[in-house]
Each structure stands twice: as structure tokens, then as C-alpha cells.
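Participant: Position 280 of the sequence shown, counting from 1, maps to 280 under the UniProt record's numbering, and the rest follow consecutively.
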Amino acid sequence: RVFVALFALSHSARPTFRERDPVSGMELTCDHPSVCEACPPGSFTALWNYIGRCLRCSVCARNMVQSRECRRDADCSCECRHGYWYKERAGMCVRWSECGTGHGVTAAGSPQTDIVCSPCVNGTFSDRVSSESGCSAHSVCVAPRSEVLRGTAWHDVICASPQEAHAAHFLRPLLPSFFSHHALSVRRLRHLLGKLPSSDSDSVAKRRRSISRLTQDQLRARLDQWVREAGPAHLRSLPLLLAETGAMFTADRLTHKLGRIEENLRRISTPTQEETTNDHYEIELQQG
């Protein structure tokens, strides 16, 4: 009888559990189980817990985007946005590096890794500063156009026909990459822009004041705009203007490029002895 009574009592008693009161520190015997409810939108809990409210979902840091949305049972995941990678030493997302002219991207960047740059091999070039572009193959001149400037690692081959006589005309597409490869300091860029011939009516002093407030990127953009609009005579004056700013090496490099183009233009514009003989032979046949 005693056994039966104890068995019945044990089954009728409510289950209990031990809990320590956070204020008094006393150990209590509790007979009410926890009541759980689903986390509302914008919050989560990832583990079994006794907390009174769900945790707020994280917010991705600067230059990061969500790779996985926050769920009731897991926080969101973040990764660096396109063009950035996570640098452990900095503890943040930083921009991918840029390959300079004459170099191309050989390993693309990712949210976890930076890009890898390599020099352009023979027969290829890169004429831009980029974090995504690789090297491109040099162009091939097709008759009646001939090569007037050999391609390098930082610019393409330049082709021309005998009828195209202005060497300065061929400098125009070359100059943006030239000034990227032979970069000028901010001081020299400002000095050069102040000397460039201009068609606007602003005084030299006013133009120089506006130039003094520009950043290096803005100065380069202003120089590229001038190159697009300048005539052949003004383009030919660039080596002299560069020399006047003190950029002697850059002036010499540009003079050399211009000289090579002029020399090769003369070569393709002057018929060879064999071509002259053939022309005379054809005339004699026609007259005969």
C-alpha cells in the first residue's frame, strides 16, 4: 500500500527545476517551465537560451553587403562589396589595388583577396590604370596603313596611311596613357595646365586660381579634356611646355615619341626605289 501511494504521489506532483535569483542570489525551486515564442523580424537567437528577448540582427559595416539575410535562428552574414576585399590587419574592407599602365590583372579580386598584377608580356599592352583589366594584344596594321609607332607594354601600335601627314594628330590618342605612365606631380600638373593655350576669355590669374583648388584626379581630367580639344600645333608645343615646368625627362620621352612618328610618316609617304621603277615601267607600257 505504501509503495502504491508513493507512486501515485510522484506522478501527481508538478515537475520543478532549480534557478538562482539574479537579484538576491538565492537558489529557488521553480515549478513553471519557460514559455518560448518566435523572434520578431529583425531579431534572432542562434542557440538554446534563457534570455528574455531576442538579439537584434547585425548591420553590415562600411563597404560591406549582406551575403545572407538575418533569420530567426541565425544572424546575417556580411562580405566586402564589389571592388573591396577584407584586410585582416586593417580590420575592414579596403579597395582592390590598381595595376598601373604596362601591367594587367592576372588574378581577379574577391571579397577575401586582393587582385594580382603582372607586367604585360611582349606583344601585349595595358594603357590604363585598372583593378579589373588585363593586358591586350597589340593591334596589327592592315594595308594601306603601316606602323608608325611600335607598341610598348603601356600603349598600342599606332598605324597610319601615307595620306595622314600630321604627326601631332597621332599623339592625341596616345597622350592620356602617356601621362598615366609618366605621371606628373600635382605641382607640375598645375604648372602645366596654367601654361596650356586656352580659348576661354578668363584671365591667366583667374584660371590659375581655379586650377589651384583641383585635386590630382581633377587636374588629370582637365588635361585629358584639353588634349581632346587641342589642335595639332598646340599638341606639338607640349614637349616645350613640359620642359618649362621642369619635367625634362617627360619632355624628352614625348619628343622621342613625336620624332619616331614623324620619321615613319616620312618613310611611308616616300615611295621606295622599287616602287618608283615599277611606276615608270607601267607608264611606259601605257604609252607604248
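Glycine included, each C-beta is placed from N, C-alpha and C at the ideal position.
1) Using a threshold of 7 Å, state whether the C-beta atoms of residue 116 and residue 138 are closer than that.
2) DSSP three-state call for residue 19: helix, strand or coil?
3) Apart from the five residues on each side of it in sequence, which residues of its chain come closer than 7 Å, Cβ to Cβ, to residue 63?
4) Shortest alpha-carbon distance to residue 119 belongs to which of 110, 168 and 135?
5) Give me the Cβ distance between residue 101 and residue 129, rounded to the nearest whole Å; I'm assuming they're in contact under 8 Å.
6) How close, in whole Å, do the beta carbons of residue 236 and residue 168 come, if the pair is a contact with beta carbons under 8 Å?
7) With three or more beta-carbon pairs closer than 8 Å as the criterion, would you say the stretch 137-154 touches the stretch 254-274?
8) So what does DSSP say about residue 1, is it helix, strand or coil?
9) What does a CB cutoff of less than 6 Å around residue 261 pick up in its chain, not counting 5 residues either side in sequence?
10) Flag this pair as yes or no: are the beta carbons of residue 250 and residue 240 separated by less than 7 Å?
11) Drop a sphere of 10 angstroms on the beta-carbon of residue 99, count the other beta-carbons inside from all chains shown, and report buried for 16 or more, exposed for fewer.
12) Start and end of the beta strand (DSSP E) containing residue 158?
13) With distances taken Cα to Cα, identify the nearest neighbour of residue 248 among 182, 217 and 104.
14) In the DSSP assignment, what residue or residues form a beta bridge with residue 54?
15) Please check the pair residue 36 and residue 61, which I expect to be a contact at CB under 8 Å, by giving their CB distance rounded to whole angstroms.
16) May I ask you to report which of helix, strand or coil DSSP gives residue 109?
17) Rounded C-beta distance between residue 152 and residue 178? I'm assuming under 8 Å.
18) Less than 7 Å between the C-beta atoms of residue 174 and residue 155, yes or no?
19) Hey, is residue 58's beta-carbon within less than 7 Å of any beta-carbon in chain C?
20) What residues are listed by DSSP as bridge partners for residue 296?
21) Do residue 213 and residue 194 come within 7 Å of each other at the CB atom, strictly closer than that value?
22) Taking Cβ positions, are residue 57 and residue 39 nearer each other than 7 Å?
Facilitator: Judging by the given coordinates:
1) Taking the first residue of the sequence shown as position 1, residue 116 is located at position 116. Taking the first residue of the sequence shown as position 1, residue 138 is located at position 138. Not closer than 7 Å, so no.
2) Stepping through the sequence shown from its first residue, residue 19 is reached at position 19. DSSP places residue 19 in strand when its eight states are reduced to three.
3) Residue mapping note: residue 63 aligns to position 63 of the sequence shown, counting from 1. If we look at residue 63 and ignore the five residues flanking it on each side, its Cβ neighbours are 80, 81, 84 and 93.
4) Working through the sequence shown from its first residue, we reach residue 119 at position 119. Taking residue 119 as reference, the option from 110, 168 and 135 with the minimal CA-CA separation is 135.
5) Counting from one through the sequence shown, the residue named residue 101 turns up at place 101. Counting from one through the sequence shown, the residue named residue 129 turns up at place 129. With a Cβ gap of about 6 Å, residue 101 and residue 129 count as contacting.
6) Taking the sequence shown and counting its residues from 1, the one referred to as residue 236 is at position 236. Taking the sequence shown and counting its residues from 1, the one referred to as residue 168 is at position 168. Going by Cβ atoms, the distance from residue 236 to residue 168 rounds to 5 Å, so yes, they are a contact pair.
7) Output reads yes: the stretch 254-274 touches the stretch 137-154.
8) Indexing the sequence shown from 1 puts residue 1 at position 1. Caution applies to residue 1, whose pLDDT of 49 falls short of 50 and renders its modelled position unreliable; the value that the coordinates give is listed next. Here DSSP, grouped into helix, strand and coil, assigns residue 1 to coil.
9) Here residue 261 corresponds to residue number 261 of the sequence shown, with the count starting at 1. Same-chain partners within the cutoff: 148, 149, 167 and 170.
10) Residue 250 sits at position 250 when you count from the first residue of the sequence shown. Residue 240 sits at position 240 when you count from the first residue of the sequence shown. It is not a contact, given that the beta carbons lie outside the stated cut-off.
11) Numbered from its first residue, the sequence shown carries residue 99 at position 99. Its Cβ being crowded by 16 or more others within 10 Å, residue 99 is buried.
12) Translated into the one-based positions of the sequence shown, residue 158 becomes position 158. Residue 158: member of the beta strand (DSSP E) spanning 158-160, first to last residue.
13) To locate residue 248, count along the sequence shown from 1; it is residue 248. When each option's Cα is compared against that of residue 248, the closest is 182.
14) Indexing the sequence shown from 1 puts residue 54 at position 54. Beta-bridge pairing links residue 54 to no other residue.
15) Your numbering for residue 36 matches position 36 in the sequence shown. Your numbering for residue 61 matches position 61 in the sequence shown. Not a contact, Cβ separation roughly 31 Å.
16) For the purposes of this step, residue 109 is taken as the residue at position 109 of the sequence shown. Annotated three-state conformation of residue 109 is coil, per DSSP.
17) As a working note, residue 152 is residue 152 in the sequence shown. As a working note, residue 178 is residue 178 in the sequence shown. Wrong, their Cβ atoms sit about 10 Å apart, outside the cutoff.
18) Working through the sequence shown from its first residue, we reach residue 174 at position 174. Working through the sequence shown from its first residue, we reach residue 155 at position 155. In contact: residue 174 and residue 155 (Cβ atoms closer than 7 Å).
19) Given the protein chain composition of this structure (a single chain), no chain C is represented.
20) Residue numbering for the chain in the displayed model covers 1 to 288; residue 296 lies beyond these limits and cannot be assessed.
21) Here residue 194 corresponds to residue number 194 of the sequence shown, with the count starting at 1. Here residue 213 corresponds to residue number 213 of the sequence shown, with the count starting at 1. It is not a contact, given that the beta carbons lie outside the stated cut-off.
22) The residue labelled residue 57 in the question sits at position 57 within the sequence shown. The residue labelled residue 39 in the question sits at position 39 within the sequence shown. No; because the gap between Cβ atoms is not below 7 Å, this pair is not in contact.
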